[in-house]
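Numbering (the numbering used here), first residue to last: 33 to 435.
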Amino acid sequence: MLNNLTHVRGFKCWGAHMGIKSKRRDIALIYSSVPASAAAVFTRNIVAAEPIKLSRQHIKDGMAQAFIINSGNANACTGKEGWKGAVAMAETTAKELKIPKEAVIVASTGLIGEPFPTEKVVKGIKECVKKLSDRVIAGSLTANAILTTDTFAKEGFTSFTVEGHEINMAGIAKGSGMIHPDMGTMLGFIVCDIAISPKLLDEALRTAVDKSFNMITVDGDTSTNDMVSIMCNGEAGNKEITEKDANYDLFLANLEQLCTHLAKLIISDGEGSTKLIEYHTEGAKTEKEARQVVRTVSNSNLVKTAIFGSDPNWGRIIAAAGRSGVDFDPEKVDLYIGADINKMEQVVKAGQPIDGVRKKLKKVMAESTIIILIDLNQGDEKSVGWGSDFSYEYVRINAEYTT
């Protein structure tokens, strides 16, 4: 069994079934034995769920000791009763663990606008606290308990050394539909035993999220709920990282790697998706413009449906880039499509299509992973992002979501 949350020093967790969902586990608890530096990024949707509002308050001091998450009910658009439910989650967790309620980060995911089952959730929290464990199975149950329409649990782990101290970092995530982070539309929880100041941790998380979770899209909808949050409890014993030195850079590189891994798992499980699409933009004037092109093309329904149909419709790709708001010369654009970044087939050269390329791409377009590379030839900056295709099954799933 792969390493997971339970392989990070000082953390215990559990995932239980409390009855919001008929069969699957639906409440998860992740707990640090000591107060931890913490950071979080949240959805930018102005219609924010009640747990988002509460967690924004609790994360302000840069410290936390527990993540409590329920699935099956988003606790969004639920008014005063929903707020009371979010507060009850934090207060119950704090009381059972004997920690301050402000040390609890609360998250929910599931149906929007449904009354929040506070009593069931409170009961589930108490069960999780009683069963907290650092056994491997506990990490697996926790990863499964945060899922909604996902078809598999999303976990990741990395290990590295800082000045002779082994550092462990692990994360879990959920997300399948309503994925267009900026920030939001999925849940991600990361734990690490490194010692790092809250200020630097916050900056590192935002940087890592911008290059990973904020570069994925399934359907262009930004959720009311979701967040990525991290706790670092210092149990590895390293000297606290308080400045942007080589140790910080190493931590950031591993955090980015883990976040990218989890983000790609989300895309690979996109509702009804059949293909993972990796989008590269190169030759941009600025990184911001490169990201803008990636985001626009990856969110184009016409591009996604073409990929689903194994159609190398390069016109849709170029057209999407053209409406991205980035100023570039169409007569300088090169476009490549392939299944391996080292074996790409050029489709467009200097704005002109290359003859006979459709036949060459027939086999490539049938692959489960498709790579699209747009070279604007305007500068030296680049960006990468990920998306899924758009299938008949996506429409069916979301047409029947509440029924």
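Yeah, the Cβ is synthetic: ideal placement off N, Cα and C, and Gly gets one too.
Would you mind working out which of the options sits nearest residue i, comparing C-alpha positions?
i    : options                   : result
C291 : V241, T38 and V335        : V241
K107 : A139, M95 and K127        : The sequence as given places Asn at residue 107; Lys does not occur at that position. Comparing Cα positions, the closest option is A139.
K186 : Q324, L164, H293 and L86  : H293
E397 : V427, G188, E321 and K307 : Here the sequence assigns Met to residue 397, which means Glu is not the residue at that position. Minimum Cα distance to M397 is reached at K307.
K243 : L287, P132, T318 and F184 : L287
F148 : G51, V66, K133 and A202   : G51
E413 : E113, K317 and I131       : K317
K85  : F245, C109 and P132       : C109
A295 : F192, I137, T38 and I204  : I204
V260 : I100, K276, Q324 and N36  : I100
S342 : S420, E123 and L34        : S420
I157 : T141, E134 and T124       : T124
E267 : E321, F245, K130 and A227 : A227
K364 : E377, E314 and K391       : E314
If you count every other CB in all the chains shown that lies within 10 Å of the CB of residue i, and 16 or more means buried, which is it?
i    : result
G216 : The pLDDT assigned to G216 is 35, lower than 50, so where the model puts this residue is not dependable, and the model offers no usable value.
S172 : buried
P22  : Nothing can be reported for residue 22, as the shown portion of the chain is limited to 33 through 435.
Q410 : buried
A431 : exposed
T274 : exposed
K44  : buried
R428 : exposed
A278 : exposed
I199 : buried
N333 : exposed
P362 : exposed
R41  : buried
T75  : buried
R348 : buried
F360 : buried
P213 : In this predicted model, P213 has a pLDDT of only 43, less than 50, meaning its place in the structure is not dependable; the value taken from the coordinates is given anyway. Counting Cβ neighbours within 10 Å, P213 comes out buried, since at least 16 surround it.
I91  : buried
F184 : exposed
D225 : buried
R323 : buried
L219 : buried
Can you tell me the Cα-Cα spacing of residue i and residue j, whole angstroms?
i    : j    : result
T150 : A120 : 7 Å
Y424 : S300 : 16 Å
E1   : A126 : Residue 1 lies beyond the stretch modelled for the chain, which goes from 33 to 435, so this question has no answer here.
D182 : V389 : 36 Å
W346 : E310 : 15 Å
I339 : I298 : 18 Å
G357 : N102 : 39 Å
T239 : V73  : 11 Å
V154 : A81  : 18 Å
A68  : L408 : 44 Å
S165 : E272 : 27 Å
S191 : A351 : 42 Å
R327 : R355 : 11 Å
N265 : R88  : 20 Å
R422 : P132 : With the sequence shown as reference, residue 422 is identified as Phe, and Arg is not the correct amino acid for it. Rounded to the nearest angstrom, the two C-alpha atoms are 45 Å apart.
D258 : S330 : 21 Å
N77  : G269 : 39 Å
S64  : Q97  : 5 Å
D93  : L237 : 15 Å
T385 : V379 : First, the amino acid is wrong: residue 385 is Pro here, not Thr. Spanning the two alpha carbons is a distance of roughly 6 Å.
V223 : L37  : 7 Å
L393 : A382 : 19 Å
V335 : A353 : 11 Å
M210 : A118 : Reliability of the predicted coordinates at M210 is poor, the pLDDT of 46 falling under 50, and the value obtained from them is presented with this limitation in mind. Approximately 22 Å between the Cα atoms of the pair.
V161 : I262 : 20 Å
So, with DSSP's three-state summary, where would you put residue i?
i    : result
P83  : helix
H312 : strand
Q378 : strand
F43  : strand
A48  : strand
D372 : coil
K206 : strand
N331 : coil
D214 : The predicted position of D214 is uncertain, since its pLDDT is 39 and thus under 50; no value can be drawn from it.
K186 : strand
N176 : helix
S103 : strand
C291 : helix
C224 : strand
A108 : coil
N246 : helix
D58  : coil
P230 : helix
**Message:** Using a Cβ distance threshold of 8 Å, determine whether the region 50-62 contacts the region 164-177, with at least three qualifying pairs required.
**Reply:** yes
**Prompt:** Contact between the region 217-236 and the region 264-283: three or more CB pairs below 8 Å?
**Reply:** Flag = yes, the region 217-236 and the region 264-283 touch.
**Item:** Meets three-Cβ-pair contact criterion under 8 Å: the region 399-418 and the region 371-381
**Value:** yes
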